[in-house]
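Q:
Chains as they are written, first to last, in full-length UniProt numbering: chain A, 1 to 634; chain C, 1 to 634.
1. Can you list, in chain order, the residues of the stretch 162-185 of chain A whose Cβ is nearer than 7 Å to any Cβ on chain C?
2. Could you name the residues of the stretch 479-497 of chain A whose beta carbon sits closer than 8 Å to any beta carbon of chain C, in the order they occur along the chain?
3. Which chain A residues are close to residue 334(C), counting only those with a beta carbon under 8 Å from its beta carbon?
4. Among 144(A), 457(A), 393(A), 137(A), which residue has its Cα nearest to the Cα of residue 118(A)?
5. Can you have a look at residue 461(C) and say buried or exposed, based on whether 16 or more other CB atoms are within 10 angstroms of its CB?
6. With contact counted as at least three CB pairs below 8 Å, one residue from each stretch, are the stretch 195-205 of chain C and the stretch 535-543 of chain A in contact?
7. Could you please tell me which residues of the stretch 530-546 of chain C, in chain order, have their CB closer than 7 Å to any CB of chain A?
8. Roughly how many angstroms lie between the CA atoms of residue 628(A) and residue 634(A), to the nearest whole one?
9. When you check each C-beta in the stretch 601-631 of chain C against every C-beta of chain A, which residues fall closer than 8 Å?
10. Using beta-carbon positions only, say whether residue 376(C) and residue 126(C) come within less than 8 Å of one another.
11. For chain C, is any of its Cβ atoms less than 8 Å away from the one on residue 502(A)?
12. Once DSSP output is grouped into helix, strand and coil, what is the label at residue 146(C)?
13. At a CB-CB cut-off below 9 Å, which residues of chain C make contact with residue 344(A)?
14. Under 8 Å between C-beta atoms, does residue 193(C) make it to chain A?
15. What does residue 525(A) touch in chain C if you count any residue whose Cβ is under 7 Å from its own?
16. Short of 7 Å in beta carbon distance, which residues of its chain neighbour residue 111(C), apart from the five on each side in sequence? Order them along the chain.
17. Residue 25(A) by DSSP, collapsed to three states: which one?
18. In its own chain, which residues sit with a C-beta less than 6 Å from the C-beta of residue 520(C), not counting the 5 before and 5 after it?
19. Using a Cβ-Cβ distance cut-off of 8 Å, determine whether residue 573(C) contacts chain A.
20. Relative to the C-alpha of residue 635(A), which candidate in 337(A), 181(A), 159(A), 568(A) has its C-alpha closest?
21. Look at the alpha carbon of residue 357(A) and the alpha carbon of residue 364(A), and state the distance between them as a whole number of angstroms.
22. Please list the partners that residue 36(C) has in chain A, where partner means a Cβ-to-Cβ separation under 8 Å.
23. What residue does the alpha helix (DSSP H) around residue 456(A) start on, and which one ends it?
24. Tell me whether the stretch 95-108 of chain C and the stretch 134-143 of chain C touch, counting them as touching only if at least three CB pairs, one residue from each stretch, are closer than 8 Å.
25. Once DSSP output is grouped into helix, strand and coil, what is the label at residue 67(A)?
26. Using a C-beta cutoff of 8 Å, does residue 569(A) count as contacting chain C?
27. Does the stretch 552-560 of chain A come within contact of the stretch 600-614 of chain A, defined as at least 3 CB pairs closer than 8 Å?
28. Which of the three DSSP states is assigned to residue 218(C) in this structure?
29. Since residue 510(C) meets chain A, which of its residues come closer than 8 Å, beta carbon to beta carbon?
30. Starting from residue 622(C), trace the alpha helix (DSSP H) both ways and give me its first and last residue.
31. Starting from residue 387(C), trace the beta strand (DSSP E) in both directions and tell me its first and last residue.
32. Spatial neighbours of residue 390(C) within its chain, please: C-beta separation below 7 Å, excluding the five flanking residues on both sides.
33. Is the stretch 31-46 of chain A close to the stretch 470-485 of chain C, with three or more CB pairs under 8 Å?
34. If you compare alpha carbons, which of 193(C), 374(C), 499(C) is closest to residue 454(C)?
35. Anyone know if the C-beta pair for residue 334(C) and residue 133(C) falls short of 8 Å?
36. Going along the chain, which residues of its own chain have a beta-carbon closer than 8 Å to the beta-carbon of residue 580(C), five neighbours each way excluded?
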């Protein structure tokens, strides 16, 4: 086995490593933090010209796929592009309503951003446009500051400004490679948040579905529900009969599309069919159905420039920035998640940081051309992928269809009833209420379930930003709790092996006489050093009491298995030093087994290693036990 | 070796463990979070009467030591009690000044709280009374809301109210066993914070030392310095000559006391000697020294009740609560740290949560008897221990001495000059500027150093609460960074052993052909699951590239060593599932080695374990490599 030679060599290797320059270590650490995926590895050992081409393809993925584009690909992309356009037009109008914006803004937003994304984006299946959650959040947050029906121009200005800041924030995250910020919205948090938002959005649609004119603008569940009930006198029977019929139709087609993926086109075509049908009905029976509210006049024409409407000073700038950051991070989370999902289904990779940059630039461009926040939509991307999209060209086809609509078809929407927009929104968001996943969370991870519930009720009862803040807080608290109260346990040897395992988990594991071997499952940090000290002393006390009660032999040595101690800070170092001193006073030997390299370095730098000496640190628990036992016998 | 039998047994043990009831697990987890020290272990297997006595001793430690109290102990306690009283009287007056309170409040605060503590407290060496940091923070925070020289009565009311809330907060932390909250103020943070506060406090004393009458009440370094310079015309030469002489005297005695611990009485007696000397000088040469400001008239008599001055409604309640919580947590941190330090030096233990309750009740009692925030003072406790204190009786002796002072000696302080209070404060706080420890932090842990610097400059440049918030933020960020960007590395076998170690750290470690063995040094959580997936894929890509460039053999199996993966959540589980799927598509086998029990349970509950099967999980890396290699050969 060569126990001692191993240990000495271990020590010498470690001393050698200490000579590594500080700068080199810092460089390594920073590259791990910011460039974990080594994005430039393709550039190594290439000619200068090749590097230029690679850089061009890196920043503009269009140069990557365009040269190999073929007619076969185009055919698939045209089919899928037309399919998502049929979904994007009614959804665009509906989501703009959700954000309290004129319906046409929703169509503008389905034209410019998809074109920008098709040049910069690296996902092949992302269908770009407005999405429900970001629309809802923008609508709520801006409306709280400036009620949209009081000052429509200011509201519009703030919406474009928020979109601009959302873009700046997203692009900055991508440029600074801080993509991990969105990881702090865990899946559990998002599940609860989206569920809560979907409930609120659906209830808000009672306004359109029942035909209420004086509806609350608040976003909590109680005012929304009571507003729907208190305005019973405004309910219009033509509206709710027609509304619930179309809602039933849309939900049925959605169900069919989900059960039989081959019939995805049923659910994809249903919204447009409903819009056409309902518009026809209202136009034909106009005289009898005057109780039904319609969209009204819409201007023909392309996106007007809106850079002159950006609002960079004054009282509401703070609201715009805050709204921009929150809608920016939410839409980014959705866009990146959608991109990653379809990339992994189709066996390619998307670079999160590059995608952020693309989405950010697309929103900045959007804010200057009368668009509000856009990102990759989950529902439309799924339809896109099902319809056989092969490249981002399907986005270009979609944008072209929207262009034709904007130029020629706008008057057709004059008699489109609002109730159909409400039904489309409900159908789109209802899938976000995913109680089955919530039940699964409860089964697997109780704390994740708590995070999910708190964001759900936070959004439902208080407000969108506070709901999100609570949920992120719970998630961070979970990490801190894991570090603050780590698992510790007594290890025993599994007979016939050199393996040591927790004696509570493995019945075969046998304790070693005169030793107590402790495993610590966390870095030793300021947040847990006091706890660990108390806990280790308690393990020792319990072991001594047990020994005294049973065979009367005495404890001589405490071995701490440091395998899972992945880091240590100055408070942790002080704790180890203190513990060593305390145990020495009680004539107990303290020994460390398998400290990681970084922990070893810090023990050395703080001169604590010296007090342990060569006999105090071993490569494995087994080695420590064997060596110390044999020294007692000698 | 019995590789397979081990693995099967491992699995069966684990399935057995799953049957443990949820409630039992929750109970275990909660007891680990709130009762890690098992405070009631002494109560087990005792008669009912004995349990009653133990409970009495548990809540009132005085019943523990009082029955064994002896004359020898009393003699030591009287000597040490008188010594700390000689320090407490001048410091009490000075610190009250620091909190912008009438000097007599400082003496009141050195009378009631020590008596309460002597009944409830479990530390034998803690010397209780006002302390510099809490006084400074209270003075700053309240003065920002209500300038003390504008409305003295309101200011006093707020001070007592803040003290009350500090006590409530402290007692609540103790009762709810949330003592770990103070652990979030790491040693590095406190070092920076105290250093910054000490610099500010010392500079503020220029007012007293130079005799300036119109001094700024701001607490940032720049306004304080410029105020001292701009009011040059108010400098009084009698004041600063005398002030700097006494300051030099106090600093010299402090230095002597530190160099030769046996001469601790020199530094302990110096403040009282200076007060007596300076008062004598000013009284004798009153006519010539009229430029020197003195304390003025002080009322004789005991603490008046102040419960009627508590302020529970109105505009400033928020300020009082905030001040209470911040001074409460700061004074708690100092008190607990001092208690723990002297306990470990003298080989007994203090229970953090019980101490919090004692300090909290003492402050609540104090707020009703004209005292402001008190706790265990580091400097006075050191003197107490050096002077031979054996029990909390030394606090009773100190309180009795203060009582005599309050009843009979108050008129003697009429001509005590303010400059001497300034000199005493500077001498007391100068030791908090501990640049040597800061240098050590830089050497051992760069991020701890950053936390230290940010709290230092935060306090110096912005404000006390923001400086603290920044520092806590940096500390929490450090934990999050550790989890968000964990260490990963390729492991290799150390020839002749079953040990696998990082190949970059251990030159002897040899890679195994056709395998890539990865070690992950963190729990797999939402905050790092995306990163880990990218990083693992990069490790595999790099290994494949290396193999392709070197010997042309191909990679067949990826082993993940889960030893240091101390936890997993739903995002992490999804990542493992996804990774397995991605690698299967590339015909690579994914195998887990040594997952901890809790990780194993979650893999099982989420049905991911099934996809791995019995051949996908091993007890050690060595076992996995041996078993898979032999299956290839067969």
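Beta carbons: idealized from backbone N, C-alpha and C, even for Gly.
A: Taking the structure as given:
1. 180, 183, 184
2. 479, 480, 481, 482, 483, 484, 485, 486, 487, 494, 496, 497
3. Start at 1 with the first residue of the second chain, and residue 334(C) comes out as number 334. Correct list: empty, because the minimum Cβ distance to chain A is about 15 Å.
4. As a first step, residue 118(A) must be located in the first chain, where it is residue number 118. Here the closest residue by C-alpha is 393(A).
5. The residue labelled residue 461(C) in the question sits at position 461 within the second chain. Per the 10 Å Cβ criterion, exposed.
6. no
7. 530, 531, 534, 535, 538
8. What you label residue 628(A) is simply residue 628 of the first chain in a count that begins at 1. What you label residue 634(A) is simply residue 634 of the first chain in a count that begins at 1. Those two C-alpha atoms are separated by around 10 Å.
9. 602, 605, 606, 619, 620
10. For this step, residue 376(C) is matched to residue 376 along the second chain. For this step, residue 126(C) is matched to residue 126 along the second chain. Yes, the pair counts as a contact, with Cβ atoms nearer than the cut-off.
11. Sequence index remark: in the first chain, residue 502(A) carries index 502 (1-based). True, the Cβ-Cβ gap to chain C drops below 8 Å.
12. Position 146 of the second chain, counted from the start, is the residue given in the question as residue 146(C). Residue 146(C): coil per DSSP, three-state reduction.
13. As a first step, residue 344(A) is located in the first chain; it is residue number 344 there, counting from the start. 578, 581, 582, listed in chain order.
14. Locating residue 193(C) in the second chain gives position 193, counting from the first residue. It does not: the Cβ of residue 193(C) has no partner Cβ on chain A nearer than 8 Å.
15. On the first chain, position 525 is the one that residue 525(A) refers to. Those within 7 Å of residue 525(A) in chain C are 479.
16. Numbered from 1 along the second chain, position 111 holds the residue referred to as residue 111(C). So the list reads 303, 399, 402, 403, 406, once near-sequence residues are dropped.
17. For the purposes of this step, residue 25(A) is identified with residue 25 of the first chain, where counting begins at 1. Note: residue 25(A) maps to helix in three-state DSSP.
18. Looking up residue 520(C) in the second chain gives position 520. So the qualifying residues of the chain are 488, 565.
19. Locating residue 573(C) in the second chain gives position 573, where the first residue counts as 1. Residue 573(C) counts as touching chain A.
20. Because chain A in this structure spans residues 1 to 634, residue 635(A) falls outside the shown range and cannot be described.
21. Taking the first residue of the first chain as position 1, residue 357(A) is located at position 357. Taking the first residue of the first chain as position 1, residue 364(A) is located at position 364. Going by the C-alpha atoms only, they are around 10 Å apart.
22. The residue labelled residue 36(C) in the question sits at position 36 within the second chain. Here the neighbours are 485, 531, 534, 535, 538.
23. Translated into positions along the first chain, residue 456(A) becomes position 456. Its alpha helix (DSSP H) spans residues 446-457.
24. yes
25. Here residue 67(A) refers to the residue found at position 67 when the first chain is read from its first residue. Helix at residue 67(A).
26. Position 569 of the first chain, counting from 1, holds the residue named residue 569(A). Yes, its Cβ sits closer than 8 Å to a Cβ of chain C.
27. no
28. The sequence position of residue 218(C) within the second chain is 218, counting from 1. Three-state result, residue 218(C): coil.
29. On the second chain, residue 510(C) is found 510 positions in, with the first residue counted as 1. Under the 8 Å cutoff, chain A gives no residues; its nearest Cβ is about 14 Å from residue 510(C).
30. Position 622 of the second chain, counting from 1, holds the residue named residue 622(C). Element bounds for residue 622(C): 621-633.
31. Here residue 387(C) is taken as the residue at index 387 of the second chain, counted from 1. No beta strand (DSSP E) holds residue 387(C); DSSP gives it neither H nor E.
32. Counting from 1 along the second chain, the entry for residue 390(C) is found at position 390. Here the set comprises 73, 76, 77, 124.
33. yes
34. For the purposes of this step, residue 454(C) is identified with residue 454 of the second chain, where counting begins at 1. Minimum Cα distance to residue 454(C) is reached at 193(C).
35. Position 334 of the second chain, counted from the start, is the residue given in the question as residue 334(C). Position 133 of the second chain, counted from the start, is the residue given in the question as residue 133(C). Cβ distance < 8 Å, so residue 334(C) and residue 133(C) count as in contact.
36. Numbered from 1 along the second chain, position 580 holds the residue referred to as residue 580(C). Excluding sequence neighbours, residue 580(C) sits near 590, 608, 611, 612.
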